[in-house]
Amino acid sequence: MRRHAPRLGSLAVVAAVLIVLPFVLSSYHTYLAAEVGIFFIAILGLNILTGYTGQISIGHGAFMAIGGYTTAVMSRDHHTNLLVTMLFAFAFSFVVGVLFGLPALRLSGVYLALATFALALSVQYVPLQWSTYLGGSGGVQSSTTEGNVWLYGVSWATAATLFAVAWLLLRGRVGRAFRAVRDSEIAAVASGVEIGIYKTLAFAISAAFCGAAGSLYVMWLNGFAQPQEFAVGLSLSLLVGAAVAGLGSLWGILAGAAFIGLLPQVSASVPVIGNQHGLDVVYGVLVVLVMLVLPEGFAGLLGRLRVFTQGLNRESTAVKLPESSSQ
Amino acid sequence: MLRIRTSEFAIPVALCVAGAIFLLVGSLESTQFARLTVQGVAQGMVYSSLALALVLIYQATHVINFAQGELAMLTTYIAYQLIQWGLSYWEAFAATLVIAFVLGVILQVTVIRPVQHRSVIATVIVTLGLFLLIDGVASWEWGAQLIILPSPFGSTDLSYNVGGVLIEHLWVGTSVVVLLSLAVVWGLFRFTKLGLAMRAAALRPAAAALAGVRVDVMLAIGWGLAAALGAVAGLMAESSNLFLDPGFMQQPLVFAFAAAALGGLESPVGAVVGGIAIGAFQILLTGYVPALGSNLQIPFSFAVILGILLVKPNGLFGRRQVQRV
Numbered sequence: 027m028r029r030h031a032p033r034l035g036s037l038a039v040v041a042a043v044l045i046v047l048p049f050v051l052s053s054y055h056t057y058l059a060a061e062v063g064i065f066f067i068a069i070l071g072l073n074i075l076t077g078y079t080g081q082i083s084i085g086h087g088a089f090m091a092i093g094g095y096t097t098a099v100m101s102r103d104h105h106t107n108l109l110v111t112m113l114f115a116f117a118f119s120f121v122v123g124v125l126f127g128l129p130a131l132r133l134s135g136v137y138l139a140l141a142t143f144a145l146a147l148s149v150q151y152v153p154l155q156w157s158t159y160l161g162g163s164g165g166v167q168s169s170t171t172e173g174n175v176w177l178y179g180v181s182w183a184t185a186a187t188l189f190a191v192a193w194l195l196l197r198g199r200v201g202r203a204f205r206a207v208r209d210s211e212i213a214a215v216a217s218g219v220e221i222g223i224y225k226t227l228a229f230a231i232s233a234a235f236c237g238a239a240g241s242l243y244v245m246w247l248n249g250f251a252q253p254q255e256f257a258v259g260l261s262l263s264l265l266v267g268a269a270v271a272g273l274g275s276l277w278g279i280l281a282g283a284a285f286i287g288l289l290p291q292v293s294a295s296v297p298v299i300g301n302q303h304g305l306d307v308v309y310g311v312l313v314v315l316v317m318l319v320l321p322e323g324f325a326g327l328l329g330r331l332r333v334f335t336q337g338l339n340r341e342s343t344a345v346k347l348p349e350s351s352s353q
Numbered sequence: 009m010l011r012i013r014t015s016e017f018a019i020p021v022a023l024c025v026a027g028a029i030f031l032l033v034g035s036l037e038s039t040q041f042a043r044l045t046v047q048g049v050a051q052g053m054v055y056s057s058l059a060l061a062l063v064l065i066y067q068a069t070h071v072i073n074f075a076q077g078e079l080a081m082l083t084t085y086i087a088y089q090l091i092q093w094g095l096s097y098w099e100a101f102a103a104t105l106v107i108a109f110v111l112g113v114i115l116q117v118t119v120i121r122p123v124q125h126r127s128v129i130a131t132v133i134v135t136l137g138l139f140l141l142i143d144g145v146a147s148w149e150w151g152a153q154l155i156i157l158p159s160p161f162g163s164t165d166l167s168y169n170v171g172g173v174l175i176e177h178l179w180v181g182t183s184v185v186v187l188l189s190l191a192v193v194w195g196l197f198r199f200t201k202l203g204l205a206m207r208a209a210a211l212r213p214a215a216a217a218l219a220g221v222r223v224d225v226m227l228a229i230g231w232g233l234a235a236a237l238g239a240v241a242g243l244m245a246e247s248s249n250l251f252l253d254p255g256f257m258q259q260p261l262v263f264a265f266a267a268a269a270l271g272g273l274e275s276p277v278g279a280v281v282g283g284i285a286i287g288a289f290q291i292l293l294t295g296y297v298p299a300l301g302s303n304l305q306i307p308f309s310f311a312v313i314l315g316i317l318l319v320k321p322n323g324l325f326g327r328r329q330v331q332r333v
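So the sequences go chain by chain: A and B. In terms of this note's numbering, the first sequence is numbered consecutively and its last residue is 353. In terms of this note's numbering, the second sequence is numbered consecutively and its last residue is 333.
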């Protein structure tokens, strides 16, 4: 079994780089790095559901929308501090996640994929229908906005906190139950795992993570929550990010978040494909390729590399490399 | 494959009969109800053929093709391109079906086959990748233009007058074309050697292979057939739209999902019945409850999917899955 706690060494490297980054990067690049942090949170959440519990969701953009609109509406109507709205977004998404997770219990495999796909397509129409409160197609503007360094700091601080939360949760009893549900529901039931509770819990936790990410996403969009930002493409890119990330590796999630966060910027600067549709084509091709070439995502690739280098080390009688350097 | 044993399906059959009686009585009572019913059934035909395409693929490979709607959209654009190059509508229609078939076979062989035995998540992600890819290609090539496809059934103002009820030519034409294509698919599966081999490959791949059926080839043909059915759905859905838009099959796809969920993903008859039921229900509901408007159509179908799956997790016509540990 792959260990889900990253080694302390790589954790320290990532933390150090993240702390230094805002002093090195330009304001614009700090802004982009903040986006990567936001997607890191969302993929982390989706990974708990899809990777650890084996429940597929194509609709987690909906929970980002819930979180985002919570922030925008609270800020617009009550001038609430943005950080406080994020806590509310987290809690509210958790509750909605429980409500959605309860019926989703009965669904598995493709049926759950169908239901969540419909959720992903539905979500952008809700603000259009109740436009008096949710702003319609024009969106909702929060009363305050923040600068790029603030966004960067808050995104990555939240990401670090939630990463620790996920780690604590997954290393113990709950994580074991999640993996048991993934590997065989029948065996899990036979071993006394209450699959109903754990499936709902996994759904709610991942929804809450995505809610927090959505809240930050709206702050990142200059406090502007608009329906088209939460269209089906967002849900799909979260799943793409989770697929690129693979299961249970900090590096994998970083790679997945960077992939979906930065690819639009990178491909926009390439001449021929430098438009939205070119991006979709690139996305699509890469997703299919990643699934064909890297079935276990970036994390699986790292795992294979590790096995490979360990094999090399064992063959040669050279001095053993310090463990953290191979990561 | 396309037969129902009534003993097993007493409740769903009773529900269908009750629904049909409701529509019939309503239509006799009110001309507006009759008009909406006919429109709904025609609309439902489109969902039926798309849902049947999904079911064909699901039965054979246990994959839900999330790109089915986008594939149908792409083939509709191909039909448009062929018409631009001078073909008549029906020539383009036939050519498009062939192109769609080839496209389906190619997709199965190149991207689906390598992942199909891996996991549900892997195949779902691959078809979602195709969704993005096809959407991007079509938007890139044709997205910026305002494209109006000629209606195959004459002007939209033309109607038949049946006992005071005005029924548009379009609705009749759509229904006839879809019913014909469903009949062809049914005949293929029921009466031909190829159909028999395809059924065998879908139901018992190992046994079929031992009996000399080329399972891989059959699965590829299944994808091709599904793509061709999708192309029919795309062209027929287009004929009731004003102009072509790369996103135009997303809503029908969700309704087709609802139809397939209603009928059960394993049941072709269920998919067709489910499609018609969803179409009639949708048109009647929006006709009588204008407050639902166009914004709530997809959320509504989402609620339908969820509601059905809660009561019958394998759909109305689906069998309970027995799992071996």
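Note that the Cβ used here is the ideal one computed from N, Cα and C, for glycine as well.
Any C-beta of chain B under 8 Å from that of residue i
{"i": "residue 290/A", "result": "no"}
{"i": "residue 233/A", "result": "no"}
{"i": "residue 40/A", "result": "no"}
{"i": "residue 140/A", "result": "yes"}
{"i": "residue 317/A", "result": "yes"}
{"i": "residue 228/A", "result": "no"}
{"i": "residue 209/A", "result": "no"}
{"i": "residue 144/A", "result": "yes"}
{"i": "residue 113/A", "result": "no"}
{"i": "residue 135/A", "result": "yes"}
{"i": "residue 68/A", "result": "no"}
{"i": "residue 260/A", "result": "no"}
Span of the beta strand (DSSP E), counted from its first residue to its last, around residue i
{"i": "residue 176/B", "result": "173-176"}
{"i": "residue 78/A", "result": "Neither: residue 78/A is in no beta strand (DSSP E) and is coded neither H nor E."}
{"i": "residue 46/B", "result": "Here residue 46/B belongs to no beta strand (DSSP E); instead the alpha helix (DSSP H) covers 39-69."}
CA-to-CA distance, residue j to residue i, given in whole angstroms
{"i": "residue 211/A", "j": "residue 106/A", "result": "43 Å"}
{"i": "residue 31/A", "j": "residue 77/A", "result": "With a pLDDT of 49 at residue 31/A, under the threshold of 50, the predicted position of this residue should be treated as unreliable, though the coordinate-derived value follows. So the alpha carbons of these two residues sit roughly 15 Å apart."}
{"i": "residue 221/A", "j": "residue 206/A", "result": "9 Å"}
{"i": "residue 77/B", "j": "residue 242/B", "result": "8 Å"}
{"i": "residue 199/A", "j": "residue 209/A", "result": "15 Å"}
{"i": "residue 21/B", "j": "residue 39/B", "result": "27 Å"}
{"i": "residue 314/B", "j": "residue 95/B", "result": "43 Å"}
{"i": "residue 124/B", "j": "residue 70/B", "result": "8 Å"}
{"i": "residue 199/B", "j": "residue 193/B", "result": "10 Å"}
{"i": "residue 228/B", "j": "residue 90/B", "result": "25 Å"}
{"i": "residue 207/B", "j": "residue 197/B", "result": "7 Å"}
{"i": "residue 236/A", "j": "residue 334/A", "result": "35 Å"}
{"i": "residue 115/A", "j": "residue 111/B", "result": "44 Å"}
{"i": "residue 46/B", "j": "residue 257/B", "result": "21 Å"}
{"i": "residue 191/A", "j": "residue 134/B", "result": "31 Å"}
{"i": "residue 250/A", "j": "residue 257/A", "result": "15 Å"}
{"i": "residue 1/B", "j": "residue 101/B", "result": "Any question about residue 1/B goes unanswered here, given that chain B covers just 9 to 333."}
Segment limits, alpha helix (DSSP H) that includes residue i
{"i": "residue 110/B", "result": "97-115"}
{"i": "residue 174/A", "result": "174-197"}
{"i": "residue 73/A", "result": "53-73"}
{"i": "residue 145/B", "result": "128-150"}
{"i": "residue 280/B", "result": "276-296"}
{"i": "residue 225/B", "result": "223-247"}
Residue nearest to residue i in terms of C-alpha spacing, selected from the options
{"i": "residue 157/B", "options": "74/B, 247/B and 175/B", "result": "247/B"}
{"i": "residue 317/B", "options": "162/B, 99/B, 273/B and 89/B", "result": "273/B"}
{"i": "residue 127/A", "options": "155/A, 164/A, 86/A and 108/A", "result": "86/A"}
{"i": "residue 165/A", "options": "53/A, 260/A, 232/A and 244/A", "result": "244/A"}
{"i": "residue 62/B", "options": "235/B, 166/B and 155/B", "result": "235/B"}
{"i": "residue 270/A", "options": "62/A, 331/A and 312/A", "result": "312/A"}
CB contact below 8 Å: residue i versus chain A
{"i": "residue 5/B", "result": "Limits of chain B in this structure are 9 at one end and 333 at the other, which puts residue 5/B out of reach."}
{"i": "residue 144/B", "result": "yes"}
{"i": "residue 313/B", "result": "yes"}
{"i": "residue 306/B", "result": "yes"}
{"i": "residue 303/B", "result": "yes"}
The ligand ZN heavy atom lying under 7 Å from the CB of residue i
{"i": "residue 265/A", "result": "In terms of ligand content, the structure shown is empty, and the ligand ZN therefore cannot be addressed."}
- For the segment 115-137 of chain B, which residues have a beta carbon sitting closer than 7 Å to at least one beta carbon of chain A? Result list: 119, 122, 123, 126, 128, 129, 130, 132, 133, 134, 136 and 137.
- Query: Listed in chain order, which residues of the segment 249-268 of chain B have Cβ atoms closer than 9 Å to some Cβ of chain E?
  - Reply: The chain labelled as chain E is not found among the protein chains of the depicted structure, namely A and B.
- Query: Looking at chain A, which residues of the segment 69-98 of chain B have a Cβ within less than 7 Å of any of its Cβ atoms?
  - Reply: Correct list: 72 and 74.
- Message: Output needed in chain order: residues of the segment 39-60 of chain B with a Cβ under 9 Å from some Cβ in chain A.
- Response: Within the segment 39-60 of chain B, no residue has a Cβ that lies closer than 9 Å to any Cβ of chain A.
- Message: Under 7 Å, CB to CB, which of the residues in the segment 147-163 of chain A have a partner in chain B?
- Response: Answer in chain order: 147, 148, 151, 152, 154 and 155.
- Message: What are the residues in the segment 147-163 of chain B lying within 8 Å of chain A by C-beta distance?
- Response: Of all residues in the segment 147-163 of chain B, 147, 148 and 151 have a Cβ within less than 8 Å of some Cβ in chain A.
- Looking at chain B, which residues of the segment 81-94 of chain A have a Cβ within less than 8 Å of any of its Cβ atoms? Per Cβ criterion, the list reads 82 and 84.
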